[in-house]
Amino acid sequence: MNILVTGGAGYIGSITCVRLIEAGFTPIIFDNFCNSKRTVIDRIERITGKRPLLIEGDIRDRTLLDQTLAQHKIDAVIHFAGLKAVGESVAKPLAYYENNVGGTFTLLQALEAAGVRTLIFSSSATVYGDPASVPILEDFPTGATNPYGRTKLMTEEVLSDIVHANPAWSVTLLRYFNPVGAHPSGLMGEDPQGIPNNLMPLIAQVAVGRREKLTVFGNDYPTPDGTGMRDYIHVMDLADGHIAALRHAIGKPGTHIFNLGTGRGQSVLGMLTAFERACGRPLAHTIAARRPGDVAACWADTAKAERELGWTAKLSLEDMCADTWRWQSSNPNGYAD
Ligand code: NAD
Ligand code: UDP
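Just so it is clear: in the sequence shown, position 130 is 231 by this note's numbering, and no numbers are missing.
The structure is reproduced here in structure tokens:
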């Protein structure tokens, strides 16, 4: 089966392409490289022995999408392409709405015209806003707290409307919790451009000496050690969640919503300690005020994914840290250009 993978050169998309190839699917990567490097394609080939087809382009380019869909018989789409920095989305909301929501409109119009109606969408736990309780179930109320989150929520709503209007569509909304880790080979991992926004790449950069210390945002949350808790999930498990979702979606019209997490929360200090064990040395940190907009605790109820997809996260916190460390220490500056 040919799977069009928008954003397939990015962190999660590229590792999902590895798993797709290993599972016997044929990914076709569609990416404009606005937040990724071309070297990633070589790495996919090195790991799998197969070079995925690459179409360099923008999901807002309808002509290129039409050409792509005419040239290749696409069975399903995994739609990763999007901008993902929360802070940047507050500063540049239009760019986020245009790329994430507008880009998805163009993609959907092209898919509808070509009769491709199976799509898996990269959503986020951010759509739950500040949850009233944890663990979070898929039917909890949604609400975004920043423009990035609103692009995810709007896209989810648009996709649900499309299914409602045309029941031939199969749409799967995968709400990722906190993806971390790298391919266990150390050849592929997260390569944030500029200053990272997320905890794990920041810890990894402290470990490798690219930054002096970690700033812990708040130690006065109502959590056991006072620091914020999240559901960190290994990117390999997340990639496998896509394969499970794909198998589930084929021939199953409707809107399907799944949390992809481990079902366990880990604190900021817990992550730091686990990473210290992986890299074998203490890592400097300082405590600062809470980061505006942060929630105290967020982790998934994963029972629905287990029940309906037959999928659960298998890798441990130790795996997440060891694999991140292997990637970061062997590629201290990320992918080459
Ligand atoms: P990433 O930035 O590494 O990958 C996104 C890819 O999409 C990049 O390769 C980028 O070049 C490409 N892209 C962006 N806009 C494009 C466009 N208009 N046309 C073509 N390509 C475009 O991000 P990621 O961490 O791999 O995330 C993938 C998806 O998962 C995103 O939609 C993100 O919002 C979502 N998500 C990520 C996280 C996370 O913490 N990483 C959490 C929840 C959801
Ligand atoms: N965090 C932190 N210092 C940092 C970055 C993040 O203490 O430099 C904390 C943050 O407050 C949150 C957790 O780490 O409790 C995860 O943050 P991240 O931005 O990675 O994910 P999100 O908050 O979007 O779930």
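From the three backbone atoms N, C-alpha and C, an ideal C-beta is built for every residue, glycine too.
Asked                                                                                                                          : Found
Residue from Asp420, Leu300, Ala414, Thr149 with nearest C-alpha to lysine 314                                                 : Leu300
Of the listed residues Glu377, Leu361, Lys415, Leu373, nearest to cysteine 399 (C-alpha basis)                                 : Leu361
Alanine 226 CB to nearest heavy atom of ligand 2 below 8 Å                                                                     : yes
Whether serine 234 touches leucine 274 by CB criterion (9 Å)                                                                   : no
Residues of its chain near threonine 149, where Cβ-Cβ distance is below 7 Å and the 5 sequence neighbours each way are ignored : Val119, Ile122, Glu123
Buried versus exposed, by CB contacts within 10 Å (16 or more), alanine 266                                                    : exposed
Candidates Ala350, Val228, Thr403, Ala305: closest to serine 431 by CA position                                                : Ala305
Cysteine 422: CB within 8 Å of a non-hydrogen atom of ligand 2                                                                 : no
Check: threonine 441 C-beta below 8 Å from any heavy atom of ligand 2                                                          : There is no way to answer for residue 441, as the model of the chain reaches only from 102 to 438.
Residue environment, glutamine 210, which counts as buried when at least 16 other CB atoms sit within 10 Å                     : exposed
Cβ separation of threonine 140 and tyrosine 198, assumed to be a contact under 8 Å, to the nearest whole Å                     : So it is not a contact: roughly 30 Å between Cβ atoms.
Residue span of the beta strand (DSSP E) that contains phenylalanine 126, given as start and end                               : No beta strand (DSSP E) contains phenylalanine 126, which DSSP labels as neither H nor E.
Rounded straight-line distance, which links the Cα of leucine 208 to that of proline 268                                       : 18 Å
Within the stretch 120 to 205, ranges of the alpha helix (DSSP H) (whole runs, at least 4 residues)                            : 140 to 149, 163 to 172, 187 to 192, 194 to 197
Beta-carbon spacing of asparagine 136, valine 191 below 9 Å                                                                    : no
Burial state of aspartate 332 (16 or more Cβ within 10 Å)                                                                      : buried
Aspartate 167 beta carbon near ligand 1 (any heavy atom closer than 8 Å)                                                       : no
Beta-carbon spacing of threonine 117, histidine 343 below 9 Å                                                                  : yes
Buried or exposed by the 16-neighbour rule on C-beta atoms within 10 Å, applied to lysine 174                                  : exposed
Meets three-Cβ-pair contact criterion under 8 Å: the stretch 348 to 365 and the stretch 274 to 291                             : yes
Host alpha helix (DSSP H) of threonine 256 (start-end)                                                                         : 248 to 266
Anticipated Cβ contact below 8 Å, alanine 346 with isoleucine 142, distance rounded                                            : So it is not a contact: roughly 24 Å between Cβ atoms.
Reduced DSSP category for methionine 330 - H, G, I as helix; E, B as strand; rest coil                                         : strand
Rounded C-alpha distance that separates histidine 386 from threonine 316                                                       : 6 Å
Proline 236 vs alanine 406 beta-carbon contact at 9 Å                                                                          : no
The stretch 238 to 246 contacting the stretch 361 to 380, beta-carbon criterion three pairs below 8 Å                          : no
Anticipated Cβ contact below 8 Å, aspartate 326 with serine 368, distance rounded                                              : 5 Å
According to DSSP, residues forming a beta bridge with histidine 349                                                           : In the DSSP output, where bridge partners are listed per residue, histidine 349 has none listed.
For threonine 403, the nearest candidate out of Pro433, Asp424, Asp438, Arg276 (CA to CA)                                      : Arg276
Per-residue burial, leucine 288 [other beta carbons within 10 Å of its own, 16 or more giving buried]                          : buried
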